[in-house]
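Read the structure below first, then the notes.
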Amino acid sequence: MERYVDGDRRAFERLHLALESRLRGFLIKLVRDEAACDDLLQLTLLKAHLARDRFRVPGGDPDGAVQAWYFAIARNVAMDFLRDRHRKDKRRATSANEDGPDIVGELPDQSPNAQEHGEKIEAEQAIVEEVRAAIERLPPKQREVVELHKLRGMSMADIAARLDVREGAIRVRAHRAYKALARLLQPKKRPLLGYDDASTEAE
Amino acid sequence: MSGTPDIFEAIGADLSAAQTKKRRHFIPAIVIVAIAIGGLLAMLGLRSDFASMPAWRQASFVASWFVCLLLFPAVGVGLWFPSRGQKVALATVGVLLPVTATLGWPIVPAGGHAAGPCAAMTLSVGVVLVGVGAVSGAFAQRRSRSSTVWVATGLALASLVSVSCACPISEIDHLVFGHFAPAAGLAALGVLLGRWLHARMRG
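Same order as they appear, the protein sequences are chains A and B. So our numbering is basically just the index in the first sequence, starting at one, shifted up by 189. So our numbering is basically just the index in the second sequence, starting at one, shifted up by 5.
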């Protein structure tokens, strides 16, 4: 990926070769539309190409990071497509009922307006950042397991084989890691009357 | 690759266009460096024993120019992407060639010739070459900071070869203190400067 970012065409070709079938399978699973899948795959590759300078390796697993990055882009592309398709279906249903009573039109509009949409995206990004920061705070061995399990979607047995550690030990690590993550991501308890430690310390 | 030829070709073409642009950008820099070295050699003249040197040593000088001025910077700015093994081989050959060409065989024992003038010349030429590299942006072309090592080392070795082409003294103490040590110092300073520029330009 580093070479591709630096402009190596052959590195892009190799990366493309390695990821294409997996991305295609992932997109088909999400949108269940083989005809649209090609377009979505192209869009995914284009978006990744345009954003390639922003790619970073967060942990110690570059392969996993590349895959997770491409899959995140593919997921967003698929979600946009599904949202768009939903809107089109809704519009079609509305126009089909023009002569009769507009049942769909009478329903409350569920689609968010621009402001709500922006706020939703910001909130989602904040959650992603929070989770990412929490993962960064895990001990390296636990972080590695979480990254391989959640970001790369590997099974415990595969992780155990890859890290050359017993599967039981991997499960223990994963359990501890998720417990630690749950603790780290717990909403902070706000004290009553707006009094908190920080303000006390400041005083 | 079967399903996504359009975007695949478009991205490939985009990468090729970016490489062509980069190549065009760095040709003037290489020409300026060649003019600086040519000027130095025209001013000082080739060493008096150059014509009588064995063919292998003359070939080493010529190959050193090629490796230090073209191949090292090409790797550093991302115009050539050798594999790990090729990089190791290139680094080994790239350092051994100028050293062998400068030392010659058999190694001449210490003779007490002053090293100062040659050290000053190596540093002066090197500062000009590293300066051209810095102004042309060669240190910040790739994402990895290690790319600065290739550029700085190539330019420092080029200054070593330039002075060795002009200086006829082959005594080991003179070569160590007047040629090798300043070139090594220059490479180290070039790397530091390159890293600073890299951090400034790429964040």
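By construction, the Cβ of each residue, glycine as well, lies at the ideal position given by its N, Cα and C atoms. Predicted, not measured: the structure shown is a model, and the values here were computed from it.
- A Cβ-Cβ separation of about 5 Å places V137(B) in contact with I37(B) under the 8 Å criterion.
- Apart from the 5 residues on each side of it in sequence, V72(B) sits with its Cβ closer than 7 Å to the Cβ of V98, G99 and L102 in its chain, given in chain order.
- Rounded to the nearest whole angstrom, the C-alpha separation of I316(A) and A192(B) is 46 Å.
- Assigned with DSSP and collapsed to three states, V113(B) falls in strand.
- Non-local C-beta neighbours of R351(A) in its own chain, meaning closer than 8 Å and more than five positions away in sequence, comprise L337 and M343, ordered along the chain.
- For E176(B), DSSP records a beta bridge to V113(B).
- In this chain, the alpha helix (DSSP H) harbouring W155(B) covers S152 to A171.
- The three-state reading of DSSP puts W85(B) in coil, since its state is none of H, G, I, E or B.
- If you compare the alpha carbons of R199(A), T233(A), Q375(A) and A322(A) with that of S210(A), the shortest gap goes to T233(A).
- In this structure, DSSP gives V246(A) a state outside helix and strand, which the three-state scheme calls coil.
- Taking 8 Å as the cut-off, the beta carbon of A188(B) is found no closer than this to the beta carbon of L202(B).
- Residue environment for P59(B): exposed (fewer than 16 other C-beta atoms within 10 angstroms of its C-beta).
- Interface annotation for the segment 12–39 of chain B against chain A: I12, F13, A15, I16, G17, D19, L20, S21, A23, Q24 and K27, criterion Cβ-Cβ distance under 8 Å.
- Closest by C-alpha distance to R52(B), out of G131(B), S175(B) and A204(B), is S175(B).
- The segment 60–71 of chain B makes no contact with the segment 129–136 of chain B; the number of CB pairs closer than 8 Å stays below 3.
- Selection G83(B), P173(B) and S69(B) evaluated against L162(B) yields S69(B) as nearest (Cα-Cα).
- Only exposed fits H275(A), as fewer than 16 other CB atoms lie within 10 angstroms of its CB.
- Taking C-beta atoms under 8 Å as the contact rule, R28(B) and L84(B) qualify, at a distance of about 6 Å.
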